[in-house]
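Counting along the sequence shown from 1, when you hit position 173 you're at 172 in numbering that gives the first Met the number 0, and nothing is skipped either side.
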Amino acid sequence: MTTISIQRVGYALGARVTGIDLSQPVSEADFARIHDAWLEHQVLVIADQRLGPRELAAFSARFGELDDFSNQSVHHAAEDRHVMLLTNRPQDGKPSKTFNAGQNWHTDQSYSLRPSKGTFVHCLEKPSVGGDTLFANMYLAYESLSPKMREFLDGLEAVHDASLIEGLEKRGPEVVAEFKRLNPPVIHPAVRVHPDTGRRALYVNERVRQFVGLTEAESKPLVQFLCQHSVSPRFSYRHYWSVGDLVFWDNRCLVHMAVGDYDPSEIRHMLRCSGLGDHYGRLRDPAAQPATATPGATAASVQAQVAALRD
Ligand code: SIN
0 MTTISIQRVG YALGARVTGI DLSQPVSEAD FARIHDAWLE HQVLVIADQR
50 LGPRELAAFS ARFGELDDFS NQSVHHAAED RHVMLLTNRP QDGKPSKTFN
100 AGQNWHTDQS YSLRPSKGTF VHCLEKPSVG GDTLFANMYL AYESLSPKMR
150 EFLDGLEAVH DASLIEGLEK RGPEVVAEFK RLNPPVIHPA VRVHPDTGRR
200 ALYVNERVRQ FVGLTEAESK PLVQFLCQHS VSPRFSYRHY WSVGDLVFWD
250 NRCLVHMAVG DYDPSEIRHM LRCSGLGDHY GRLRDPAAQP ATATPGATAA
300 SVQAQVAALR D
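Laid out in C-alpha cells, this is it:
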C-alpha cells in the first residue's frame with residue numbers, strides 16, 4: 000500500500016506529492032487523491048521519477064484524452080505519439096524546434112478552439128542553473144480584483160491571437176504565415192468558470208490582442224494591467240527543476256512561463272504530454288475557418304516548425 004502525502008510548496012499554488020512511484024501501477028484510490036490535489040493546488044510536483052514516454056503518457060491519459068503529435072511532424076518521443084520533446088538538444092542533426100517554447104505568460108493553446116486542459120512535463124536533463132518555470136494562480140488574480148472590475152470582466156470576451164506568441168517572428172516568414180493560417184484569432188470569455196471546481200478564473204494572458212466591443216487602443220491598457228496584476232509574485236510559484244521531476248498543471252486556472260535564463264550550450268530536455276480540453280470559444284472571423292495542415296502543399300520543414308509552436 001502506498002502512503003501518499005501532499006505538501007504545499009507555494010502559498011498561491013503548487014504542491015509536492017511524495018510516496019508514489021509512477022513507474023508502478025497507480026491504484027484508483029491513489030489516483031483520486033492526486034486528481035483532487037491537482038484541482039486544489041493547480042500545479043503538482045512528483046520528484047524522483049524515472050519515466051519513459053509510454054509511462055508518462057499512460058499516467059497523463061488518466062486525466063483525459065491526450066493531444067496526438069504523430070501527424071504534426073514535431074519531434075515526438077519515438078515510443079509514444081502523445082509525447083513531445085521539449086528540448087534544446089539538436090534533433091536529427093538540426094536545431095530543435097522547441098528550444099524556446101513557452102517563453103511568455105500563457106495558458107496552453109488559449110489561441111485555439113480547444114485549449115489544453117492540463118500539461119505534464121518530465122525533466123530528463125537540466126542546465127546547471129536556470130531554465131525554471133513560473134506559474135500564476137488565475138483564481139486569485141480574479142478574486143483579488145475590485146467587485147466593479149470583476150463585474151466588468153464577467154461580461155467581457157477576449158480575442159486570443161497566436162501571432163502574439165513570444166519569439167514567433169524568429170521562426171521565419173513562411174513558418175509565421177502558415178502558423179497564422181492554421182490558427183486564426185479566437186474569442187474566449189475573459190473570465191472562465193472551471194468545469195470541475197466551479198470557481199471563476201481570469202482568462203486573459205499575453206496572447207490577448209483586444210476585448211470584443213473595445214478598440215485595440217482601449218483594450219491595450221486593460222490587457223497590460225491584467226497581465227501584470229495576474230502574475231504578481233503573491234499569486235505565483237517558481238519551479239526550480241530537478242532531474243526526475245514530473246510537474247503537471249491545470250491550464251484552466253493558471254498561466255505559466257518557461258524562463259529562458261540558462262546557458263544555451265547546456266541541455267534542457269523534457270518529455271511533455273498535453274491533455275485536450277473542452278471545445279471552447281468561437282472564431283473571431285467566422286469566415287476564417289481554421290485551416291488544416293495540407294501535407295505536400297507546405298514544405299515538411301515548415302510543417303514541423305509550425306507544429307512545434309503548439310504550446
Ligand atoms: C510550456 O509548456 O509552456 C513549457 C514549459 C517549460 O518548458 O517550462
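All C-beta atoms, glycine included, are put in the ideal place defined by N, C-alpha and C. This one's a predicted model, so the numbers in the text were calculated from it and none came from an experiment.
Using 7 Å as the cut-off, classify the Cβ of residue i as near or not near the heavy atoms of the ligand SIN, replying yes or no.
i: V311; result: Residue 311 lies beyond the residue range present for the chain, which begins at 0 and ends at 310; the question has no answer from this structure.
i: A100; result: yes
i: L85; result: yes
i: A257; result: yes
i: M137; result: no
i: R88; result: no
i: T132; result: yes
i: R311; result: Because residue 311 is not part of the residues shown, which for the chain are 0 to 310, the question remains open.
i: M269; result: yes
i: D107; result: yes
i: D262; result: no
i: D66; result: no
i: D244; result: no
i: D249; result: no
i: D310; result: yes
Roughly how many whole angstroms lie between the Cα atoms of residue i and residue j?
i: H228; j: G92; result: 42 Å
i: Y143; j: R233; result: The sequence given here places Ser at residue 143; Tyr does not occur at that position. Taking the straight line joining both Cα atoms gives about 11 Å.
i: L201; j: P172; result: 33 Å
i: V190; j: G274; result: 21 Å
i: L167; j: V175; result: 7 Å
i: I3; j: K219; result: 45 Å
i: E78; j: F30; result: 24 Å
i: K179; j: A100; result: 17 Å
i: P114; j: I186; result: 12 Å
i: V128; j: S95; result: 20 Å
i: I19; j: L123; result: 18 Å
i: E54; j: F134; result: 25 Å
i: G117; j: A46; result: 18 Å
i: F210; j: W248; result: 26 Å
i: L152; j: S235; result: 21 Å
i: S231; j: R251; result: 18 Å
i: Q23; j: G51; result: 12 Å
i: A76; j: V44; result: 22 Å
i: P263; j: K169; result: 16 Å
i: Q108; j: P183; result: 12 Å
i: W240; j: G280; result: 34 Å
i: N87; j: S145; result: 42 Å
i: R198; j: D35; result: 14 Å
i: V82; j: K147; result: 43 Å
i: R7; j: D310; result: 26 Å
i: A161; j: L112; result: 12 Å
i: I5; j: E177; result: 44 Å
i: R15; j: A216; result: 42 Å
i: Y141; j: F98; result: 32 Å
According to DSSP, is residue i part of a helix, a strand, or is it coil?
i: L282; result: strand
i: E124; result: strand
i: L312; result: In the structure displayed, the chain extends from 0 to 310; residue 312 sits before or after that span and is not available.
i: H268; result: strand
i: L152; result: helix
i: L181; result: helix
i: Q23; result: coil
i: S4; result: strand
i: V16; result: strand
i: H105; result: strand
i: R208; result: strand
i: V254; result: strand
i: H74; result: coil
i: Y287; result: With the sequence shown as reference, residue 287 is identified as Ala, and Tyr is not the correct amino acid for it. Correct three-state label for A287: coil.
i: P263; result: coil
i: S111; result: coil
i: E165; result: coil
i: R80; result: coil
i: V175; result: helix
i: D29; result: helix
So what does residue i bridge to, in DSSP terms?
i: A46; result: Paired residues: none, contrary to the question.
i: H238; result: T132
i: V190; result: L201
i: T97; result: In DSSP, T97 forms no bridge with anything.
i: R274; result: Per the sequence presented here, residue 274 reads as Gly, with Arg not at that position. In the DSSP output, where bridge partners are listed per residue, G274 has L65 and G117.
i: W248; result: V42 and T118
i: H159; result: V185 and V207
i: Q90; result: K93
Please look up how many angstroms separate the CB atoms of residue i and residue j, rounded, as I've assumed it's under 8 Å.
i: G243; j: R61; result: The pair is not a contact, with the Cβ atoms about 20 Å apart (cut-off 8 Å).
i: H74; j: L65; result: Contact doesn't hold; Cβ gap of about 17 Å is too wide.
i: T106; j: L253; result: 7 Å
i: L270; j: H121; result: 5 Å
i: H255; j: T132; result: 6 Å
i: S222; j: V246; result: Contrary to the premise, residue 222 reads as Val rather than Ser in this sequence. Contact doesn't hold; Cβ gap of about 28 Å is too wide.
i: N103; j: E265; result: Not confirmed; about 22 Å, so no contact.
i: V58; j: V25; result: Strictly speaking, residue 58 in this sequence is Phe, with Val absent from that position. That pair is a contact at about 7 Å.
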